[in-house]
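Note sheet for the following structure.
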Amino acid sequence: MPLTGQKFVRGSAVTFHLTVPRLGRLQKITMEHDNTGLAPGWFLERVAVTHRKTQRKYTFNCGQWLAKDEGDGAISRELLPTQAGGDAPVEYQINTFTGDRRHAGTDANVSIVLFGATGEAGPFPLDTPSNNFERGKEDRFTVTCPPLGELKRVRVSHDNSGVAAGWFLDRVEVTDTSSGTKYVFPCNHWLAVDEEDGQISRELVCGLGTGTLVPYKVSIATGDKRGAGTSAEVYCLLTGDKGVSGKVRLDNNSKNFERGRTDVFTVECSELGALKSLTLSHDNSGVGPGWYVERVAVECPTLGRLYRADLGQWLATDEGDGKIERTVVFDEAQVQQFDRESVWICRVHTSDILGAGTNARVFIIVYGDKGKSDEQVLQARNDLFERNQLDEIKLTLTRVGKPYKLRVWHDNRGMLAAWHLDYIELQHAQTGALYRFPCGDWLSLKNGGTIVRELPATGDLVKQPLQVVDYRVQVFTSSKRGAGTDAN
1067 MPLTGQKFVR GSAVTFHLTV PRLGRLQKIT MEHDNTGLAP GWFLERVAVT
1117 HRKTQRKYTF NCGQWLAKDE GDGAISRELL PTQAGGDAPV EYQINTFTGD
1167 RRHAGTDANV SIVLFGATGE AGPFPLDTPS NNFERGKEDR FTVTCPPLGE
1217 LKRVRVSHDN SGVAAGWFLD RVEVTDTSSG TKYVFPCNHW LAVDEEDGQI
1267 SRELVCGLGT GTLVPYKVSI ATGDKRGAGT SAEVYCLLTG DKGVSGKVRL
1317 DNNSKNFERG RTDVFTVECS ELGALKSLTL SHDNSGVGPG WYVERVAVEC
1367 PTLGRLYRAD LGQWLATDEG DGKIERTVVF DEAQVQQFDR ESVWICRVHT
1417 SDILGAGTNA RVFIIVYGDK GKSDEQVLQA RNDLFERNQL DEIKLTLTRV
1467 GKPYKLRVWH DNRGMLAAWH LDYIELQHAQ TGALYRFPCG DWLSLKNGGT
1517 IVRELPATGD LVKQPLQVVD YRVQVFTSSK RGAGTDAN
């Protein structure tokens, strides 16, 4: 709720009268500003809130800067009541585990949002005087907020700053120090614009990681007019009839949000149901923060729904009505339906023998009792398929039903193309159904070998795996002039 009409002058107290729906006991408040003006930095001492009817008073101490160039750089603060009227705050211990692989560490600024049964808190910057988030390292932080009940999920993000921003996060552990309860949030993914799906913000579900999350493809068209592009940090928030995504930073390319450009992002979060709205905002930073958005679209493959809406408005303090946040409400009557897809977790284990790894591009096609998938590229980052490595990749496939076989191959490019594949697993993200496709062989053209393998599905859900049969195929090229080919 904006607090406008009066100035926040040094050493002054400003009073506002607000009318809001009944809130019950206040647990926390969030104070923030839009970072506009010549001197936007603000040192907030405290906030006092008094219910005008009951005269119940809450005091929220701050004593910190809300400024990009002071303290921790935050311009938003969550404040807890310090007098009777709110539940006692809880200290949460947060442990992050950076993966033990090449270039896993990050120099970027990392933050976390906690989601519990009774609410959410954050984002909290994760920073200490130590050199945090180095390869194979565990880092410990503490945050204080109102009690959130049983923790359900967290969202971990970074701002893509620094020389080496990409980060491979193994997992996050959060301990409620008041009860001793520990919550584990597996990740095992990159937060990097140049790895995997390009995301630098990931939602993690307690005990499950990203496996049960639903991907939403958000497309944003920046207008083709003078000054339409923005240099600011852009955020989106999706709202559906089953929940809210939380604010997610959108950044996967240095040219994002330039004039006349359409940018596409993947936002993973718990299923939101039928989408109601999309909120776009920015932090008004940079040399040219003003932004003109032409239109937006959100695609949810697992629900088979495409939402589109025209916006045609500025998010700029010096254009139009001066707002830097816009909410687009989707018209249910204009939602486009298409064939639904399913999310599968693909785990690939490269064998533990000399030279087993490959730097070639790997592909698969999944065959099921309801059809086959499109060709899927698995080579999403540079360090996949190394010797004795288990790689996990999320796939969104057309509804194939119950898989019975899988075709895997590579393009045989690169100096180390030969690959010894141990096995591939496919697990349905929603149902947990698990299928294993053993291989235990080379995909290599050496010594008359092959770079294509068809692997029958095995596992508890497969009554009788298909037999692997060898066929001899003879191809006869015509004797006509020019009949031969150099093509694949």
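For the sequence shown, this note's numbering assigns the number 1067 to the initial residue and increments by one for each residue that follows. For every residue, glycine included, the Cβ atom is placed at its ideal position computed from N, Cα and C. All values reported here derive from a predicted model rather than from experimental measurement.
Would you say residue i touches the ligand NAP, meaning its beta carbon is less than 7 Å from a heavy atom?
i     : result
T1243 : Among the components modelled here there is no ligand, and therefore nothing to report on the ligand NAP.
Compare the C-alpha of residue i against each of the options and name the closest.
i     : options                       : result
A1294 : V1333, L1377, L1104 and W1357 : W1357
E1491 : A1298, S1267, V1075 and D1457 : D1457
E1299 : R1143, F1082, N1319 and D1290 : N1319
L1509 : T1243, K1438, T1416 and E1385 : T1416
N1127 : I1141, E1136, G1550 and L1146 : L1146
K1203 : V1222, G1171 and G1215        : G1171
G1228 : D1236, A1174, G1264 and E1269 : A1174
C1366 : G1185, K1342, W1475 and H1348 : K1342
Q1493 : G1525, G1514, I1178 and N1478 : G1525
P1268 : E1157, V1240 and S1311        : The amino acid at residue 1268 is misidentified as Pro; the sequence shows Arg. Of E1157, V1240 and S1311, the residue nearest in Cα terms is S1311.
V1330 : K1313, L1338 and V1362        : V1362
P1281 : H1255, Q1403, D1263 and D1290 : D1263
From residue i to residue j, what distance separates their C-alpha atoms?
i     : j     : result
G1182 : T1210 : 14 Å
A1499 : K1436 : 16 Å
E1111 : H1224 : 28 Å
Y1537 : I1517 : 16 Å
A1287 : R1327 : 6 Å
G1246 : G1090 : 28 Å
V1113 : G1188 : 19 Å
P1531 : G1309 : 41 Å
K1134 : T1424 : 45 Å
L1180 : F1190 : 9 Å
P1195 : V1284 : 36 Å
T1096 : A1140 : 12 Å
A1258 : P1106 : 31 Å
S1244 : T1162 : 20 Å
L1450 : F1503 : 18 Å
T1332 : R1201 : 26 Å
S1297 : E1385 : 16 Å
V1528 : I1459 : 23 Å
Q1533 : P1522 : 7 Å
L1192 : F1207 : 6 Å
Tell me which residue opens and which closes the beta strand (DSSP E) that residue i is part of.
i     : result
Y1249 : T1247 to L1257
E1520 : V1518 to P1522
R1374 : R1371 to L1381
D1130 : Going by the sequence as given, residue 1130 is Gln instead of Asp. Counting along the chain, the beta strand (DSSP E) containing Q1130 begins and ends at K1123 to L1132.
M1097 : I1095 to E1098
H1415 : E1407 to T1416
T1210 : E1204 to C1211
C1366 : W1357 to C1366
I1266 : First-last for I1266: undefined, no H or E at that position.
Under a Cβ-count criterion, where at least 16 other Cβ atoms within 10 Å of its own Cβ denotes burial, should residue i be classed as buried or exposed?
i     : result
F1323 : buried
R1547 : exposed
G1506 : exposed
A1150 : With a pLDDT of only 48 at A1150, under 50, the local geometry of the prediction cannot be trusted, and no value is derived from it.
A1484 : buried
E1261 : buried
D1440 : exposed
N1350 : buried
N1198 : buried
N1454 : exposed
S1545 : exposed
Q1093 : buried
V1080 : exposed
G1378 : exposed
G1273 : exposed
V1466 : buried
S1347 : buried
Specify the secondary structure class of residue i as computed by DSSP and reduced to three states.
i     : result
A1140 : coil
E1216 : coil
N1161 : strand
A1150 : Annotation note: pLDDT 48 at A1150 (below 50); position unreliable, coordinate value reported separately. The answer is coil: DSSP assigns A1150 none of H, G, I, E or B.
G1309 : strand
A1549 : coil
Q1530 : coil
Q1442 : strand
A1483 : coil
H1083 : coil
Q1072 : coil
A1399 : helix
Under 8 Å, Cβ to Cβ, is there at least one residue of chain C near residue i?
i     : result
E1144 : The displayed structure is made up of one protein chain only, and chain C is not part of it.
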